[in-house]
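Numbered by the UniProt record's numbering, the letters in the sequence shown go through residues 1 to 258 in order. Where is the CB? At the ideal position from N, CA and C, for every residue including glycine. Report on one structure; see the data block that follows.
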Amino acid sequence: MERWAGRVAVVTGASAGIGAAIAVDLVKHGMKVVGIARRPERVEELKKSLKGAPGTLYAFKADVSKQIDVEAAFAWIKNNLGGVDVLVNNAGIAGKSTLHDGPVDTWKKILDLNVLGLSMCTKEALQSMHERGVDDGHIIHISSINGHGVPMHSLQHGIMMYSGSKNAVNALTEGLRRELVDRKSKIRVTVVSPGMVKTEIMLADGAEIPPGQSVDYLYKDILHLQSQDIADAVTYALGAPPHVQVHEIIIKPVGEPF
């Protein structure tokens, strides 16, 4: 990871969970990290906990499902930090929805963020790298075990559109790899597909917890990973030698049934 010290990383969805863990790790490895989030105040709180770290964390408020926000974020990065060397597309939502019932507005939110937002950020990062002659950059997509076919729990929990969006992410990752090969580029691309991870995503989907309880309550009877486990996988992929592309990582808690 030494070769990434002083370089610029963008992490979307950096206000909590996996994104926050990744942002913290990259700062500790000496990177300048732009944490993009709709709740930048939470990224600012993370920054306070990183005093003395070799890198720097910057908070930028944006909704990456909106093109105008994405373009503004990458313009700010260009003007203030020079450009992007590493992009971690982590922002995403699940949202309960089925093909029988919708609702259609939930479908749109899922696809706008999980697929189009990811793609817009990727486009901006690639343009930044190409403009500056950066040919050793790295783009990492955080997908899901739900992106490998249609697991039975996708039906059981009514997350068919989410599963479809993550299958799209995996297909786009391979498509990007082939585009880069065609351009004779050495920019690397990795997709990380976690199983169940303890994050706030269930709360975002409307899950409720009793007064006085934390998000731990939702996971007490579910096998799960920690956000740090996924951050470690990202660090592993980034830290591989320049000639090694860790193209895909599937990471599950031991005993996960799907």
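| Item | Value |
| --- | --- |
| Expressed to the nearest angstrom, what Euclidean distance is found between the alpha-carbon atoms of V11 and V181? | 24 Å |
| Quick one: using the 10 Å Cβ neighbour count with 16 as the cut-off for buried, is L26 buried or exposed? | buried |
| Taking 9 Å as the CB-CB limit, is K61 close to chain B? | Protein chain content of the structure displayed is limited to a single chain, and chain B is not contained in it. |
| Which of helix, strand or coil does DSSP assign to G35? | strand |
| Taking Cβ to Cβ, would you say G158 is nearer than 9 Å to E256? | no |
| Mind checking who N89 pairs with in its DSSP beta bridge? | H141 |
| Straight-line CA distance for D136 to V33? | 17 Å |
| Whole angstroms are fine: how far does the CA of K51 sit from the CA of A59? | 15 Å |
| Use the C-beta contact count for D101: other C-beta atoms within 10 angstroms, 16 or more gives buried, fewer gives exposed. | exposed |
| Can you tell me which of the three DSSP states R188 falls into? | strand |
| Tell me which residues share the same chain as I145 and place their Cβ nearer than 6 Å to its Cβ, disregarding the 5 neighbours each side in the sequence. | S193, G195 |
| According to DSSP, is E179 part of a helix, a strand, or is it coil? | helix |
| Considering Cα atoms alone, identify which of E179, T199, P242, K66 is closest to R3. | P242 |
| Going by the DSSP bridge assignment, what does S193 pair with across the sheet? | I250 |
| State the CB to CB distance for the pair T190 and V246, rounded to an integer number of angstroms; the pair is presumed to be in contact (CB under 8 Å). | 5 Å |
| Where F74 and R7 are concerned, what is the direct C-alpha to C-alpha distance, given to the nearest angstrom? | 15 Å |
| Per DSSP, what kind of secondary structure is F258 in: helix, strand or coil? | coil |
| Quick one: Cα of G114 to Cα of A91, how far? | Correcting the residue type first, residue 114 is Asn in the shown sequence and not Gly. When rounded, the distance between both Cα atoms is 7 Å. |
| Alpha carbon to alpha carbon, what distance is there between L99 and K61? | 33 Å |
| Can you tell me whether V150 is helix, strand or coil according to DSSP? | coil |
| Beta carbon of I140, beta carbon of V234: below 9 Å? | yes |
| Within the same chain, show all residues whose beta-carbon is closer than 7 Å to that of S143, passing over the 5 residues directly before and after it, in chain order. | K166, V169, N170, V191, V192, S193 |
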